[in-house]
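Novice: I am attaching a structure below and will ask some questions about it afterwards.
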Amino acid sequence: MASAQKMLLEGVSDAVCFVLGALAGYGLGQAVGIDIFADGYSGAGIVGILMVGLCGGAGLHIARIWRGRQQAKDRLKEAEAD
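When we follow the numbering used here, the leftmost residue of the sequence shown carries the number 29, and every step to the right adds one.
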């Protein structure tokens, strides 16, 4: 795969998984009754913001693990072909 295509795949997968993780964190916060958009900076609001950020980061980490496994599979296929 060309370098530009690899970079595009990396950027898109990072962005998509980060957003999905952040949405999961927001949904989890809503499920336990935390509103990150409430007026003021209450303790619960701060916890909700942390949940969104941490879950977004976890989504990004999962994307990078997934890409690493895909690259390992590709290298294995190339080695078998040789």
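Here a beta-carbon is modelled for each residue, glycine too, at the ideal position from N, C-alpha and C.
#1: What residue does the alpha helix (DSSP H) around residue 70 start on, and which one ends it?
#2: Assuming contact is defined by CB atoms lying nearer than 8 Å, are residue 84 and residue 49 in contact in what I supplied?
#3: If you draw a straight line from the alpha carbon of residue 54 to that of residue 74, how long is it in whole angstroms?
#4: How would you write the range of the alpha helix (DSSP H) that residue 40 sits in, first residue to last?
#5: Say whether the region 59–73 touches the region 87–107, bearing in mind that this needs 3 or more beta-carbon pairs closer than 8 Å, one atom from each stretch.
#6: What is the rounded straight-line gap between the Cα of residue 78 and the Cα of residue 109?
#7: Among the candidates 106, 97 and 90, whose CA atom is the shortest distance from the CA of residue 47?
Specialist: Quick look at the numbers:
#1: Here residue 70 belongs to no alpha helix (DSSP H), and DSSP marks it neither H nor E.
#2: yes
#3: 12 Å
#4: 31–59
#5: no
#6: 47 Å
#7: 90
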